[in-house]
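The listed protein sequences derive, respectively, from chains A and B.
If you're matching positions, the first sequence starts at 686 in my numbering and goes up one per residue.
If you're matching positions, the second sequence starts at 6 in my numbering and goes up one per residue.
For glycine and all other residues, C-beta sits at the position ideal for the given N, C-alpha and C.
Note that the structure is a prediction, hence the values are computed from the model and not measured.
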Amino acid sequence: MILKRIILYKLSSAWMVAALALILSFPFFIGIALYIKAVPLFDIQSVPQLITSSTWSPSEGKFGFSSFIFSSFYVTILSFIFAAPVCLLAGIYLTQFASQKLVSFMLPVIDILAGIPSVIYGMWGILVIVPFVRKVVAPLINIDSPGYSILAGGIVLAVMCVPYMLNMLIETFNTVPTGIKEASLSLGATSWESIKHVVIRKSYPGIISAFGLGIAKAFGETLAVMMVVGNMVQLTFNPFKSGYPLPALIANNYGEMLSIPMYDSALMFAALILLIVILIINLFFRYFIYKTQRS
Amino acid sequence: MNKRKRFEESFFKILSGFAGFSLIAILGFIILIIFIKGFNALSLDMIIKTPKGGYYYGGEGGILNAIIGSLYIAFGATFIAILLGMPAALYINVHLVRYKRTQNTIRYFLDALWGIPSIVYGAFGFTLMLALGLNASLLAGIITVALLITPILIRTFDEVLSTIPKGLHEAALALGSTRTEMAFKVMMKQGFSGFITAVLLAFGRGIGDAASVLFTAGYTDLIPTNLDEPAATLPLAIFFQLSSPIPEVRERAYAAAIILTVIILIISLSARGFSKKMARKINK
Chain A
686 MILKRIILYK LSSAWMVAAL ALILSFPFFI GIALYIKAVP LFDIQSVPQL
736 ITSSTWSPSE GKFGFSSFIF SSFYVTILSF IFAAPVCLLA GIYLTQFASQ
786 KLVSFMLPVI DILAGIPSVI YGMWGILVIV PFVRKVVAPL INIDSPGYSI
836 LAGGIVLAVM CVPYMLNMLI ETFNTVPTGI KEASLSLGAT SWESIKHVVI
886 RKSYPGIISA FGLGIAKAFG ETLAVMMVVG NMVQLTFNPF KSGYPLPALI
936 ANNYGEMLSI PMYDSALMFA ALILLIVILI INLFFRYFIY KTQRS
Chain B
6 MNKRKRFEES FFKILSGFAG FSLIAILGFI ILIIFIKGFN ALSLDMIIKT
56 PKGGYYYGGE GGILNAIIGS LYIAFGATFI AILLGMPAAL YINVHLVRYK
106 RTQNTIRYFL DALWGIPSIV YGAFGFTLML ALGLNASLLA GIITVALLIT
156 PILIRTFDEV LSTIPKGLHE AALALGSTRT EMAFKVMMKQ GFSGFITAVL
206 LAFGRGIGDA ASVLFTAGYT DLIPTNLDEP AATLPLAIFF QLSSPIPEVR
256 ERAYAAAIIL TVIILIISLS ARGFSKKMAR KINK
């Protein structure tokens with residue numbers, strides 16, 4: 686009886702440790718596998734060359750990633766500009782002003798939206814945002830735009846990131862002790878002043894982290910962006926023109942990548958760039974959260 | 006209170022209220038558009054038939070292949086995720102309960118893992134698939150999606166387990182149970198509805214993700230009968246049909262989107278139901 690329990694204990698502990706170790710080693714496995722796949726590419730072009738060159742011609746063996754990287758950052762930053770202020774204000778409203786009833790209605794709604802697949806957002810983008818950019822925004826400033834553009838990608842991404850960032854912001858604002866806000870109110874500050882000087886200041890690290898993680902999410906988002914961004918290789922500052930972010934590059938070309946030499950290496954290199962950028966952003970901001978949570 | 010202060014106060018109150026309500030409006034708008042657009046093409050045939058000849062030119066048929074394929078992949082992946090994730094989450098909260106630092110480090114890495122985009126998992130799954138000599142198949146899709154959802158399952162389950170009072174651990178250990186018995190008989194029981202929530206969340210994520218199965222699961226009009234056959238998935242069915250130039254086919258993509266949205270809604274609502282139950286239990 687005792688022996689059986691001990692054996693069971695040993696076995697299940699081993700299973701637990703193995704499972705945890707396996708999961709924690711995923712990022713390394715992924716990184717190494719992608720790196721090995723991308724190595725052949727480094728033999729023809731050096732990494733700085735790959736990142737800075739903008740000539741993209743796989744059939745000639747020329748792989749320049751700069752326009753993809755640029756597009757990725759452009760779309761991400763644009764979505765951040767749209768989403769961040771709205772999220773911040775909505776977060777403040779839901780935690781400071783709104784009635785309990787509204788909040789308990791909104792939280793599940795936000796959760797559900799965070800769970801809606803990106804292909805649905807992408808479809809909504811095609812149905813609503815693309816025509817909106819083509820017929821409303823572009824004519825407004827006298828520009829011809831196909832609609833499938835960096836701007837459309839940014840808007841769709843912003844809408845996708847809102848639930849994600851808002852969740853984190855609400856959590857942050859809720860951790861601010863009511864006592865210090867009340868102290869500020871009792872000193873005669875208006876409630877907006879208390880929010881501005883106490884709540885926001887107190888949750889500053891949390892806000893920064895929520896924004897950072899939102900950016901990381903936007904950077905790696907694939908399908909929704911790919912459906913509305915146009916997917917044309919070009920380096921342009923004009924948000925009404927098409928872009929071609931890294932995830933879209935990978936997703937669009939998986940079919941042909943085995944038929945052109947080095948193409949698969951190039952795509953795996955693109956995945957590696959994504960992985961590294963996103964891991965760095967994630968690790969940095971998560972560390973920020975843990976540091977501030979402890980103090 | 007002077008005038009400027011009063012103005013600032015009401016200005017920001019209105020502005021933030023506007024931001025909050027416009028979010029509700031946008032979100033409602035999305036759901037509304039999806040349902041209005043797809044409602045016409047939605048029919049029983051969509052759900053109970055596989056694509057027939059000429060389906061992609063507007064012919065007869067439905068997307069049963071994609072619904073079944075998605076369910077297979079999501080179930081398979083969730084199964085693997087449970088096998089890996091449940092013991093891992095229990096380990097963090099049972100064996101490591103005295104090592105706060107290690108716990109936090111592990112949580113830190115799991116959170117970072119959660120942030121890796123699905124396209125990277127897809128690319129990795131693809132290299133893994135080639136290395137193992139597999140073709141685009143149900144199995145490859147299941148493995149890739151499992152990688153994607155395991156961190157979600159662990160972290161969600163772990164959050165619930167960490168709220169279980171430490172006194173319960175100590176009581177179980179004091180009665181002479183091994184840690185394993187404590188983990189499976191006390192922790193699992195206490196955190197069971199949290200476990201179900203975590204599983205449902207992981208399942209929902211698995212069924213809705215497209216970028217990870219794009220490379221690995223392939224696409225077929227048939228319902229897969231074996232692990233080494235390719236499988237269609239709902240998100241990809243929407244994606245492919247949406248890029249068709251034929252209006253009828255695009256209409257069906259809208260209808261498929263309704264099906265996917267409804268599945269996701271059911272999953273997230275039941276996940277919420279379970280987590281509410283959990284909250285009540287703890288408050289008792």
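Considering only C-alpha positions, which residue in the set the options is nearest to residue i?
| i | options | result |
| --- | --- | --- |
| A:Val760 | A:Ser784, A:Val794, A:Thr921 and A:Ser871 | A:Thr921 |
| A:Leu773 | B:Thr55, B:Gly90, B:Ala71 and B:Leu28 | B:Leu28 |
| A:Tyr806 | B:Gly33, B:Ala237, B:Ala141 and B:Ile148 | B:Gly33 |
| A:Ile795 | A:Gly776, A:Met808, A:Gln785 and A:Ser784 | A:Gly776 |
| B:Asp226 | B:Phe80, B:Asp50 and B:Gly67 | B:Gly67 |
| B:Met91 | A:Val702, A:Glu745 and A:Ile754 | A:Val702 |
| B:Ile243 | B:Gly196, B:Tyr61, B:Gly199 and B:Gly25 | B:Tyr61 |
| A:Pro770 | A:Val847, A:Asn923, A:Leu931 and A:Val962 | A:Val847 |
| A:Lys881 | B:Phe17, B:Arg11, B:Gly22 and B:Tyr126 | B:Phe17 |
| A:Ser764 | A:Ile963, A:Pro924 and A:Leu688 | A:Pro924 |
| A:Phe858 | A:Lys820, A:Phe782, A:Ala936 and A:Ile766 | A:Phe782 |
| B:Ala71 | B:Ala136, B:Met134 and B:Phe245 | B:Phe245 |
| B:Leu76 | B:Ile212, B:Ser217, B:Leu241 and B:Ile271 | B:Ile212 |
Only counting the same chain, and skipping five residues up and downstream in sequence, which positions put a Cβ closer than 8 angstroms to that of residue i?
| i | result |
| --- | --- |
| A:Lys926 | Ser830, Ser834, Ile835, Gly915, Met917 and Gln919 |
| A:Leu787 | Leu779 |
| B:Ala46 | Glu253, Glu256, Arg257, Tyr259 and Ala260 |
| B:Glu234 | Ser142, Leu143, Thr225 and Leu227 |
Where do the N-terminal and C-terminal ends of the alpha helix (DSSP H) with residue i fall, by residue?
| i | result |
| --- | --- |
| A:Tyr849 | Ile835 to Thr860 |
| B:Thr83 | Leu69 to Val99 |
| B:Val218 | Ala216 to Thr221 |
| A:Gly746 | It is not in any alpha helix (DSSP H) - A:Gly746 carries neither H nor E in the DSSP assignment. |
| A:Lys689 | Ile687 to Ile729 |
| B:Asp50 | Leu49 to Ile53 |
| B:Met187 | Counting along the chain, B:Met187 falls outside any alpha helix (DSSP H), and DSSP gives it neither H nor E. |
| B:Phe208 | Phe197 to Gly213 |
| B:Met192 | No alpha helix (DSSP H) contains B:Met192, which DSSP labels as neither H nor E. |
| A:Gln785 | Gln785 to Gly800 |
| A:Gln734 | Val732 to Thr737 |
| B:Gly22 | Lys8 to Phe44 |
| A:Tyr628 | This structure leaves residue 628 of chain A out entirely; chain A is present only between 686 and 980. |
Quick check: residue i and residue j, are their CB atoms within less than 8 angstroms of each other?
| i | j | result |
| --- | --- | --- |
| B:Ile85 | B:Ala145 | no |
| B:Leu205 | B:Ser275 | yes |
| A:Gly905 | B:Ile124 | yes |
| A:Met912 | A:Gly832 | no |
| B:Leu143 | B:Ala222 | yes |
| B:Leu95 | B:Met192 | yes |
| A:Ser803 | A:Ala909 | yes |
| A:Ala901 | A:Leu934 | no |
| A:Ile801 | A:Gly891 | no |
| A:Arg690 | B:Thr168 | no |
| A:Ala951 | A:Phe758 | no |
| A:Thr863 | B:Glu14 | no |
| A:Asn709 | A:Leu960 | The sequence given here places Leu at residue 709 of chain A; Asn does not occur at that position. No, these two residues do not count as a Cβ contact at 8 angstroms. |
| B:Thr185 | A:Leu693 | yes |
| B:Pro170 | B:Trp119 | no |
| B:Leu166 | B:Gly196 | yes |
| B:Thr110 | A:Met953 | no |
| B:Ile39 | B:Thr230 | no |
| B:Pro240 | A:Pro932 | no |
I'd like the list of long-range same chain contacts for residue i, defined as Cβ closer than 6 angstroms, with 5 residues on each side in sequence excluded.
| i | result |
| --- | --- |
| A:Met850 | Cys772, Ala895 and Gly899 |
| B:Ile73 | Ile228 |
| A:Val861 | Val884, Lys887 and Ser888 |
| B:Ala203 | Leu158, Thr161 and Phe162 |
| A:Phe750 | Leu735 and Ile736 |
| B:Ile147 | Ile78, Gly81 and Ala82 |
Who are the near neighbours of residue i in its chain, counting only those whose CB is closer than 7 angstroms to its CB and skipping five residues on each side?
| i | result |
| --- | --- |
| A:Tyr866 | Per the sequence shown, residue 866 of chain A should be read as Lys rather than Tyr. Within the same chain, A:Lys866 has close Cβ partners Ser879, Val883 and Val884. |
| B:Met187 | Val99, His174, Ala177 and Leu178 |
| A:Ile814 | Ala837, Ile840, Val841 and Val913 |
| A:Val639 | This structure gives no information on residue 639 of chain A, because the portion of chain A shown stretches from 686 to 980. |
| A:Ile855 | Gly776, Leu779 and Thr780 |
| A:Phe755 | Leu920 |
| A:Phe970 | Ser894, Gly897 and Leu898 |
| B:Thr107 | Leu101 |
Return yes when the C-beta of residue i is under 7 angstroms from any heavy atom of the ligand MN, and no when it is not.
| i | result |
| --- | --- |
| A:Thr921 | Among the components of this structure there are no ligands whatsoever, and the ligand MN is therefore not found. |
When the cut-off is 8 angstroms and only beta carbons count, does residue i lie next to chain E?
| i | result |
| --- | --- |
| A:Ala895 | The displayed structure is made up of protein chains A and B, and chain E is not among them. |
Point to revise | 4 or more residues per run - each alpha helix (DSSP H) lying fully within the segment 112–176 of chain B | key: 123–136 and 143–166
Review point. Which runs of the alpha helix (DSSP H) fall wholly inside the segment 915–940 of chain A and span at least 4 residues, in chain order?
Key: 931–938
Check your understanding: What runs of the alpha helix (DSSP H), each 4 residues or longer, lie entirely inside the segment 221–273 of chain B?
Key -> 239–247
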